[in-house]
Amino acid sequence: MRIRWLALLGIILSAASSSYSQSSPRVDWACSLDAIGTTLTQCGLAAEPSMRLYVTDIVVGSTTATAGLFLIRAGTGTNCGTDTASVFPSAATVVRFGYPANTAAPATLRFDTPLMGPKGAAICVVCVVTNTCTVQMGGFVSP
2 MRIRWLALLG
12 IILSAASSSY
22 SQSSPRVDWA
32 CSLDAIGTTL
42 TQCGLAAEPS
52 MRLYVTDIVV
62 GSTTATAGLF
72 LIRAGTGTNC
82 GTDTASVFPS
92 AATVVRFGYP
102 ANTAAPATLR
112 FDTPLMGPKG
122 AAICVVCVVT
132 NTCTVQMGGF
142 VSP
């Protein structure tokens with residue numbers, strides 16, 4: 002009896018899983034930015050109003066021989082200028098995470114739990130003026 006119950010449970014979970022994946026489309030996105038300074042700069046297109054951009058990977062390094070700091074934000078309008086909210090780190094309003102000088106390998110961040118932007122927002126990055134950054138980001142779009 003227990004084996005039948007486990008088999009039935011497996012069928013139910015399988016059906017629920019395939020149902021979810023069919024109703025929740027996932028589209029991958031990626032962008033690349035170079036020489037970003039203190040101006041918030043949009044990375045790719047904004048999500049549609051009912052969708053969110055999720056960030057799964059960030060590769061960032063300095064364009065100079067000096068290391069720097071960066072911040073990932075989200076928002077609407079040109080370069081996330083409206084309804085701006087921090088994504089990484091989520092509580093920061095100024096640059097916080099470091100990236101190495103161009104004499105070292107770039108910082109590579111992979112998130113097992115993706116960073117989630119607000120619905121309908123774009124993802125933007127800001128670095129520092131004296132040692133600008135090069136950024137490659139990727140993730141997916143989903144509700």
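The sequence shown: position 5 = 6 (this note's numbering), numbered continuously. All C-beta atoms in this analysis are idealised placements derived from N, C-alpha and C, irrespective of residue type, glycine included. Since this is a predicted model, take the numbers as computed values, not measurements.
At the C-beta level, A122 and A36 stay beyond 8 Å of one another. Within the same chain, Cβ atoms closer than 8 Å to the Cβ of G69 are found at S63, V96, G99, Y100, C128, V129, T131, N132, T133, C134, the five residues on either side in sequence being excluded. Cβ atoms of T65 and A102 come within 8 Å of each other, at about 7 Å.
Annotation for A123: the continuous beta strand (DSSP E) segment containing it runs 123-127.
Per the coordinates, the alpha-carbon of R111 lies some 7 Å from the alpha-carbon of I59. Residue environment: G118 is assigned as buried (16 or more neighbouring CB atoms within 10 Å of its CB, all protein chains considered).
A31 counts as exposed, since fewer than 16 other beta carbons sit within 10 angstroms of its beta carbon. Runs of beta strand (DSSP E) with 3 or more residues, each lying fully within the stretch 88-125, are found at 98-100, 108-117, listed in chain order.
Straight-line measurement puts the Cα of A75 at about 10 Å from the Cα of R53. Proximity to C44 across V142, L116, Q137 peaks at Q137, based on C-alpha coordinates. Listed in chain order, the non-local C-beta contacts of L116 below 6 Å within the same chain comprise V56, V88, F89, local neighbours out to five positions each way being set aside. Residue environment: T42 is assigned as buried (16 or more neighbouring CB atoms within 10 Å of its CB, all protein chains considered). Between the C-alpha atoms of F141 and T67 there is a straight-line separation of about 31 Å.
In the DSSP annotation of this structure, S51 is not part of any beta strand (DSSP E), being labelled neither H nor E. R74: member of the beta strand (DSSP E) spanning 69-77, first to last residue.
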